[in-house]
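Worksheet: the structure to be examined is printed underneath.
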Amino acid sequence: MILLQAQNITKNFGTKKLFSNVSFEIQDNSRIGLVGRNGVGKSTLMKIISDQESYNSGNIALKKDTNIGYLAQDSGLNSDNQIFAEMEKVFDYLKAQEKKMHALEEKLADPSTDDYDSILKQYDQLQNTFRQENGYGYQSEIRSVLKGFGFDEDVWQDKISTLSGGERSRLAMAKMLLEHHDILLLDEPTNHLDINTVEWLEGYLKNYRGALLIISHDQYFLDKVVTEIVEINQHSSTHYSGNYTFYLQEKKKNQAVAWKHYEEQQAEIKKTEEYIQKNIVRASTTKMAQSRRKKLEHMDVLDRPGSDQGSVHFSFDIDKESGNDVLLVKDAAIGYDDQIMSEPINLDVKKGERVGIIGPNGIGKSTFLKSILGKIPMIKGTAQFGANVTVGYYDQNLKGLDPTKDVLHELWNRYPRLDEQVIRKRLGAFLFSGDDVLKPVAGLSGGEKARLTLTVLSMENNNFLIMDEPTNHLDIDSKEVLEDALKSFAGTVLFVSHDRYLLNTLADRIVDIGSHGSKIYLGDYDYYLEKTTDQPVAEEKKVSTVSEKKVQYQQSKEQQKQERKLRRQVEDLEKQIAELEEKNSAIQAEMTKEENLTSYSKLADLQKELDENKAQQDKVEEEWTEKSIELEDFKNEE
1 MILLQAQNIT KNFGTKKLFS NVSFEIQDNS RIGLVGRNGV GKSTLMKIIS DQESYNSGNI
61 ALKKDTNIGY LAQDSGLNSD NQIFAEMEKV FDYLKAQEKK MHALEEKLAD PSTDDYDSIL
121 KQYDQLQNTF RQENGYGYQS EIRSVLKGFG FDEDVWQDKI STLSGGERSR LAMAKMLLEH
181 HDILLLDEPT NHLDINTVEW LEGYLKNYRG ALLIISHDQY FLDKVVTEIV EINQHSSTHY
241 SGNYTFYLQE KKKNQAVAWK HYEEQQAEIK KTEEYIQKNI VRASTTKMAQ SRRKKLEHMD
301 VLDRPGSDQG SVHFSFDIDK ESGNDVLLVK DAAIGYDDQI MSEPINLDVK KGERVGIIGP
361 NGIGKSTFLK SILGKIPMIK GTAQFGANVT VGYYDQNLKG LDPTKDVLHE LWNRYPRLDE
421 QVIRKRLGAF LFSGDDVLKP VAGLSGGEKA RLTLTVLSME NNNFLIMDEP TNHLDIDSKE
481 VLEDALKSFA GTVLFVSHDR YLLNTLADRI VDIGSHGSKI YLGDYDYYLE KTTDQPVAEE
541 KKVSTVSEKK VQYQQSKEQQ KQERKLRRQV EDLEKQIAEL EEKNSAIQAE MTKEENLTSY
601 SKLADLQKEL DENKAQQDKV EEEWTEKSIE LEDFKNEE
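Residue numbers (full-length UniProt numbering): 1 to 638.
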């Protein structure tokens, strides 16, 4: 059943077109991921759907009595109520029904009551409705959702006004889920969640009785939850029937087809123009040349394939190398107001390492980074940097920027001796161009502030990067560029993240921080999962045989491990294919240059290089096909 249908939605901000011709529909069981570059208007589209923002043209048809829940990015719940009492407010209508039922039960206690049969019928109807709407189970549902979001029973009586911003964001989402909307719009729901909570949320949303439209930079999350992708850009929208990995594969295929059609048409245009040039002046062929010119003039010329926006491109360089010993943390204790959250934490970071930090929300991971930097004193223990270590810090709250400056002067004031064009060029690499550099920092979106913070960090040339949730606020394309920049960085990286993809692709060590201190795993996130899910059987159970359920569980974990490995292989092969396609285009462009067209030897060399490159591409594509089939087989087995 179609709940909502959007047709050709266009949104402008003043004279600037944000997006246009966006069309899609939401069925009662839809699981849709909304993707597109930062700034293209994904959050604005959600506000339009939830009737919080107007649009310039198009049409949105909503089924009668359909209710929509919208959770904006970084929303927080503001209330003076206690946590559990605030969640109970969602079910006030059930409490009212329960009160009526109790009143009728009192009347039914006396069988001689007038209209006994009528009261009994009324009670039965009310009880049936109460049961269908989970009246006997809503408190259990509240408990389950609160625990899923990391709120243990001992804090349920705490006032919401005393909670942190991240805790209030989690509580806002918990309340939204309990409200059971027909259509649920979630904008970056995994922000402020630790990995365990993200995995719980994935399971909950899979079984959600309603439609979902989700914006997320978390590739694993999208793969687990959504079954459709809608990609929007400035000029149109495209629908893909699959999860995020499927979308990437199909988009790559579509781009390959688009390039083929474009190149074929360009070849036809070139051939036609050459014919016209040769034959327009000859009396015997003038009419044919004129006919072809007319045909060329009426040809619907294809645009060069590619995004309507640029891509972030940058690297992190270093001015000088550090010594081999970069950071040593001994017996550290972290917490708030002398209340210890975790101890002891021990960490020895060597040159060139990429160390990922994980742990539950509220344990103090961000506090730990700030304590290392001396911004917050440690309750116990020491942190010491090695020789020649220079530190660059990325704050997940993006507080290192000056809200009184514009984008240009945020960077220029730090490097006043540099020419303005040098500053503009660096900002352009992070998609700040033209008048964008004159935007006030205070008015930037979260994604723009993240890109500006990375711009500043890329100019500092430090050899040790300490980063707190660096992929928050970034779109997936920008996130991939950041991952590549960090992988090729010649220095050392220590980072806190709940992004499982980043932890898998970047970290060579995982530090798990809990209430009993730190535990180190010498591998990526997959290795951490393997070690933490295969714990030894309890001593008293060693003599018993392993149950069939346990065997199935272990097999499932092994399959998941293999599937993650295959997915990474497929993604790496896709990157290789894209690079080879770009190289093909570059070689073909070289072959059309005038100085090369007149040189047979140069053309022969280029043709040989092109043939070798295409042969390599065929080999990689064949391997990609094999791995993709294997990956699909794994999914079908699930």
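Ideal placement from N, C-alpha and C gives every residue a C-beta, glycine not left out.
Compare the beta carbon distance of residue 640 and Val-230 with 8 Å and say whether it is the shorter of the two.
Shown here, the chain extends from 1 to 638; a query on residue 640 therefore has no answer.
Would Leu-506 pass as a contact of Thr-471 if the rule is Cβ separation under 8 Å?
Your numbering for residue 506 matches position 506 in the sequence shown. Your numbering for residue 471 matches position 471 in the sequence shown. It is not a contact, given that the beta carbons lie outside the stated cut-off.
Using a 10 Å radius around the Cβ and a threshold of 16 neighbouring Cβ atoms, would you call Leu-522 buried or exposed?
Counting from 1 along the sequence shown, the entry for residue 522 is found at position 522. Its Cβ having fewer than 16 others within 10 Å, Leu-522 is exposed.
Where Thr-285 falls: helix, strand or coil (DSSP):
Locating residue 285 in the sequence shown gives position 285, counting from the first residue. Residue state, collapsed to three classes: coil.
DSSP on Asn-21, reduced to helix/strand/coil?
To locate residue 21, count along the sequence shown from 1; it is residue 21. It is a strand residue.
Taking all protein chains shown into account, decide if Lys-619 is buried (16 or more other Cβ within 10 angstroms of its Cβ) or exposed.
Taking the first residue of the sequence shown as position 1, residue 619 is located at position 619. Lys-619 is exposed by the Cβ-count criterion.
Skipping 5 residues on each side, what residues in its chain have a beta carbon closer than 6 Å to that of Tyr-415?
For the purposes of this step, residue 415 is taken as the residue at position 415 of the sequence shown. No residues qualify anywhere along the chain.
Within the stretch 351–407, note down every full beta strand (DSSP E) run reaching 3 residues or more, in order along the chain.
354–358, 380–385 and 391–394
Grab the span of the beta strand (DSSP E) containing Lys-11 for me, first residue to last.
Counting from one through the sequence shown, the residue named residue 11 turns up at place 11. 2–13 is the span of the beta strand (DSSP E), which, as asked, contains Lys-11.
So, with DSSP's three-state summary, where would you put Leu-71?
Locating residue 71 in the sequence shown gives position 71, counting from the first residue. Here Leu-71 sits in strand by DSSP.
Name the one or two DSSP bridge partners that Pro-440 has.
Position 440 of the sequence shown holds residue 440. According to DSSP, Pro-440 bridges with Asp-406.
Opposing strand residues paired with Thr-238 [DSSP bridges]:
Position 238 of the sequence shown holds residue 238. Glu-231.
Write down every uninterrupted run of the beta strand (DSSP E) in the stretch 66–140 whose length is 3 residues or greater and which is fully enclosed by it, in chain order.
68–71
Three or more C-beta pairs under 8 Å: does that hold for the stretch 76–89 against the stretch 162–170?
yes
Who are the near neighbours of Leu-418 in its chain, counting only those whose CB is closer than 8 Å to its CB and skipping five residues on each side?
By one-based count along the sequence shown, residue 418 stands at place 418. So the qualifying residues of the chain are Trp-412.
Thinking C-alpha only, which one of Arg-500, Thr-227 and Ile-379 is nearest Leu-193?
For the purposes of this step, residue 193 is taken as residue 193 along the sequence shown, with counting starting at 1. When only C-alpha atoms are compared, the closest one is Arg-500.
With DSSP as the reference, label Val-226 as helix, strand or coil.
Here residue 226 is taken as the residue at index 226 of the sequence shown, counted from 1. Residue state, collapsed to three classes: coil.
Out of curiosity, what's the CA-to-CA distance linking Val-537 and Asp-526?
For this step, residue 537 is matched to residue 537 along the sequence shown. For this step, residue 526 is matched to residue 526 along the sequence shown. With a pLDDT of only 36 at Val-537, under the threshold of 50, the placement of this residue in the model should not be trusted, and no figure is reported.
Less than 8 Å separating the beta-carbons of Val-511 and Leu-465?
The residue you call residue 511 lines up with position 511 of the sequence shown. The residue you call residue 465 lines up with position 465 of the sequence shown. Cβ distance not < 8 Å, so Val-511 and Leu-465 don't count as in contact.
Helix, strand or coil for Leu-185, going by three-state DSSP, please let me know.
Position 185 of the sequence shown, counting from 1, holds the residue named residue 185. Residue state, collapsed to three classes: strand.
Leu-34: buried (16+ other C-beta within 10 angstroms of its C-beta) or exposed?
Sequence index remark: in the sequence shown, residue 34 carries index 34 (1-based). Label assigned to Leu-34: buried.
DSSP-derived helix/strand/coil call for Arg-564:
On the sequence shown, residue 564 is found 564 positions in, with the first residue counted as 1. Correct three-state label for Arg-564: helix.
Distance between Gly-58 and Ala-6 (C-alpha atoms, nearest Å):
On the sequence shown, position 6 is the one that residue 6 refers to. On the sequence shown, position 58 is the one that residue 58 refers to. For Ala-6 and Gly-58, the distance between alpha carbons rounds to 8 Å.
Ile-280 versus Thr-272 - alpha carbon distance:
Your numbering for residue 280 matches position 280 in the sequence shown. Your numbering for residue 272 matches position 272 in the sequence shown. Computed Cα separation, rounded: 11 Å.
Is there contact here, the stretch 328–342 with the stretch 360–369, by at least three beta-carbon pairs under 8 Å?
yes
Quick one: grab the DSSP three-state call for Asp-526.
What you label residue 526 is simply residue 526 of the sequence shown in a count that begins at 1. Helix.
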